[in-house]
Amino acid sequence: MLGIRFDVSVAGQYSIPHYIIIRQKPAYKPAPGPPSKGGPITTNDNEIEIIEQHDLHELEIFQHTIPAFLPVADLARAHLNTDLRQFAARVRASLVAHALRRHIFAHQLVATGGSGAPAPLLGRRVAVVESNQEYTRVRLAVQPTPRRRRASGREDPETREVQLDCLDDRVIAAKFSDSANGGGRPLEARDLPLLEAFQGPVVDLPARLLAYYDLSTTFTQQH
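Here it is as structure tokens:
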């Protein structure tokens with residue numbers, strides 16, 4: 001057997017280690033059918049037990065602690081018996097990407113203060129409404145920019161809902177909808193800068209949003 005330990009660190013914080021135990025597959029595996037009578041196989045009784053033989057060096061995952069929503073089984077089929085190092089690297093990359101997405105969406109965009117009250121990094125301009133366990137699909141509530149409010153001469157009550165789709169360590173798609181009526185509305189020119197701010201590497205998402213809301217200077221001074 002072979003054990004692999006995965007340690008993942010995000011923003012200087014280590015998460016709980018994960019493990020995979022790998023073993024060689026049994027050399028022989030009885031095929032489905034009636035149980036063998038035991039003893040040597042002969043042809044005198046007109047019964048021949050069919051046996052499937054495996055490569056003696058073929059590996060399989062025996063046990064693991066990887067979260068169920070990460071594609072460890074798919075990665076094993078693709079890499080475990082062709083390149084063990086590549087398999088371990090791909091599993092670790094999946095763990096790192098998930099830890100990064102969770103850090104950004106669950107801690108940086110919506111941090112929790114000592115009182116338990118929400119203390120988002122961007123004030124109340126951006127707040128996570130919901131997400132799946134993988135943090136690959138995240139729904140946000142987004143307020144308009146101060147610049148748009150000043151240009152309109154009034155407080156814009158509109159709160160946009162943005163759905164983000166993430167792949168590994170990137171936001172690959174952003175879709176806008178109206179939270180007021182639950183339906184979509186046509187994309188307008190004023191939406192494009194915000195759409196562009198959301199897309200790209202997940203790790204840079206807070207910085208891109210801070211720049212969009214003209215908060216980069218304030219954030220730098222406070223940190």
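Numbered according to full-length UniProt numbering, the sequence shown spans residues 1 to 223.
Don't be surprised by glycine CBs; every beta carbon is placed ideally from N, CA and C.
State the DSSP-derived secondary structure class of residue 91, mapped to helix, strand or coil.
helix
Residue burial classification, residue 18 (beta-carbon count within 10 angstroms, cutoff 16)
buried
Hey, out of 210, 198, 16 and 24, whose CA is closest to residue 95's CA?
16
Based on the DSSP secondary-structure assignment, which residues constitute the bridge partners of residue 14?
9
Tell me whether residue 160 sits in a helix, a strand or coil according to DSSP, three-state version.
strand
Please classify residue 57 as buried or exposed, where buried requires at least 16 other C-beta atoms within 10 Å of its C-beta.
exposed
By how many angstroms is the C-alpha of residue 8 removed from the C-alpha of residue 66?
12 Å
Return helix, strand or coil for residue 61, following the three-state DSSP convention.
strand
Rounded to whole angstroms, what is the Cα-Cα separation between residue 135 and residue 105?
8 Å
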